[in-house]
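**Student:**
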Ligand code: BTN
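Residue numbers (the numbering used here): 21 to 344.
#1: By DSSP, does residue 150 sit in helix, in strand, or in coil?
#2: Pick helix, strand or coil for residue 187, following the three-state DSSP scheme.
#3: Would the stretch 171 to 179 count as touching the stretch 283 to 295 if we require 3 or more Cβ pairs under 8 Å?
#4: Given 8 Å as the limit, is there contact between the stretch 27 to 41 and the stretch 203 to 215, that is, 3 or more CB pairs closer than that?
#5: Mark residue 21 as exposed unless 16 or more other C-beta atoms lie within 10 angstroms of its C-beta, in which case mark it buried.
#6: Between residue 150 and ligand 1, is the CB less than 7 Å from at least one heavy atom?
#7: Looking at the unbroken beta strand (DSSP E) that takes in residue 118, where does it start and where does it end?
#8: Measure the Cβ-Cβ separation of residue 2 and residue 207 and say whether it is below 8 Å.
#9: Give me the Cβ distance between residue 107 and residue 132, rounded to the nearest whole Å; I'm assuming they're in contact under 8 Å.
#10: Residue 170: which of 279, 157 and 269 sits nearest, CA to CA?
#11: Ignoring anything shorter than 4 residues, give me the alpha helix (DSSP H) runs that lie fully in the stretch 56 to 134, in order along the chain.
#12: In angstroms, rounded to a whole number, what distance separates the CA positions of residue 329 and residue 274?
#13: According to the Cβ coordinates, are residue 163 and residue 127 closer than 8 Å?
#14: Return the residue from the list 93, 224, 136 and 254 that minimises the CA-CA distance to residue 157.
#15: CA-CA distance, residue 44 and residue 25?
#16: Take residue 245 as the anchor and find which of 342, 90, 110 and 95 has the nearest alpha-carbon.
#17: Going by the C-beta, is residue 173 closer than 7 Å to any heavy atom of ligand 1?
#18: So, under 8 Å CB-CB, residue 194 and residue 291 are touching, yes? Tell me the CB distance rounded to an integer number of Å.
#19: Could you tell me which residues DSSP pairs with residue 158 in its beta bridges?
#20: Who pairs with residue 292 in a beta bridge, going by DSSP?
#21: Can you find at least 3 beta carbon pairs, one from the stretch 260 to 269 and one from the stretch 84 to 92, that sit closer than 8 Å?
#22: Got a sec: does ligand 1 put a non-hydrogen atom nearer than 7 Å to the Cβ of residue 118?
#23: Grab the span of the beta strand (DSSP E) containing residue 297 for me, first residue to last.
#24: So which of 230, 118 and 262 has the shortest CA-CA distance to residue 250?
#25: Residues in its own chain within less than 8 Å of residue 140 by CB, not counting five upstream and five downstream?
#26: Buried or exposed: residue 203, going by 16 or more other Cβ atoms within 10 Å of its Cβ?
#27: When the distance is taken between beta carbons, is residue 340 closer than 8 Å to residue 346?
#28: Given the structure, does residue 146 come close to ligand 1, in the sense that its CB is under 7 Å from one of the ligand's heavy atoms?
#29: Quick check on DSSP: helix, strand or coil for residue 339?
#30: When burial is assigned at 16 or more other CB atoms within 10 Å of the CB, is residue 347 buried or exposed?
#31: Alpha carbon to alpha carbon, how far is residue 338 from residue 316? Give it in angstroms, no decimals.
#32: Ordered along the chain, which non-local residues of its own chain (more than five positions away) have a Cβ less than 6 Å from that of residue 101?
#33: Please determine whether the Cβ atom of residue 140 lies at a distance below 7 Å from any heavy atom of ligand 1.
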């Protein structure tokens, strides 16, 4: 029922309690209760006497057929399943928990309108209000050599940049290993997780969160500098962007499996936001290291120069901050 309320309000126009009640077959008091609960889903609602209710931020509900229409032929051919949910704990957890031995081949994707326990890197929470952003995960088979060669997480970030660029977003930057930035603020994040039992049968779960329009009530919960696409001055159809992201992910993972990181290194350099800048590296249980970022090595490790010596640091071991 609550999701029907959200879909009825999705276009951002005013609807009276009476009209909503008629559509849903419930009383005006029951409508009010549902509207009141929407802030729990991270949505801002305007209630105006005589006009009714409206969402502060209209959104386009996720639709499988619209996402599929934006897939490249190659991605459409490789995509074994595409699932859409109103609500999940986490799209990545869903793919992990529902992976069975029978569908070990093929790519699986899932998206959710709302994540109750969206996860970010290093144990952080990913703020996931209903409807207005993108939360998407992809499960792809990978060879052991592909995983060990390093750099997949950087390549995935390149896929997100490509998909955003193809929708008209310019001025993006990448902060190693895979944060997508716009004007020094985080626009999108990526979480890579490995699942599989060895014997050459691995899967990588790629989780992607992109901020399209962050409602105020949700924004208050974010503990780092952030931005959304609406502030970048671009209006993108949500389903179209999802299709573009899935297509680029399928393509780059395929190329990475065949050719490794090398073919992406120049592209990484073009977007590298921290190269030549002073950074602070935080390593678990050790003192922070400061130095100057010097790009990446052949395995995708971050090169940092400190006291005239340049050393590689691997994702997972360290977190990086710009040192001002
Ligand atoms: C980061 O900390 O930068 C990574 C954020 C990844 C968020 C996405 S949203 C879809 C998928 N499901 C999750 O629980 N997390 C990822």
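Every residue, glycine too, gets a C-beta built ideally from N, C-alpha and C.
Predicted, not measured: the structure shown is a model, and the values here were computed from it.
**Tutor:** For this structure:
#1: coil
#2: coil
#3: yes
#4: no
#5: exposed
#6: no
#7: Segment: none, residue 118 is in no beta strand (DSSP E) and carries neither H nor E.
#8: No answer is possible for residue 2: it lies beyond the span of the chain, which begins at 21 and ends at 344.
#9: 6 Å
#10: 279
#11: 84 to 89, 93 to 98 and 111 to 117
#12: 35 Å
#13: no
#14: 224
#15: 8 Å
#16: 342
#17: no
#18: 4 Å
#19: 129 and 226
#20: 194
#21: yes
#22: no
#23: Here residue 297 belongs to no beta strand (DSSP E), and DSSP marks it neither H nor E.
#24: 230
#25: 146, 209, 211 and 229
#26: exposed
#27: Residue 346 is absent from the structure shown; the chain starts at 21 and stops at 344.
#28: yes
#29: strand
#30: Nothing about residue 347 can be reported from this structure: the residues present for the chain run from 21 to 344 only.
#31: 14 Å
#32: 128
#33: yes
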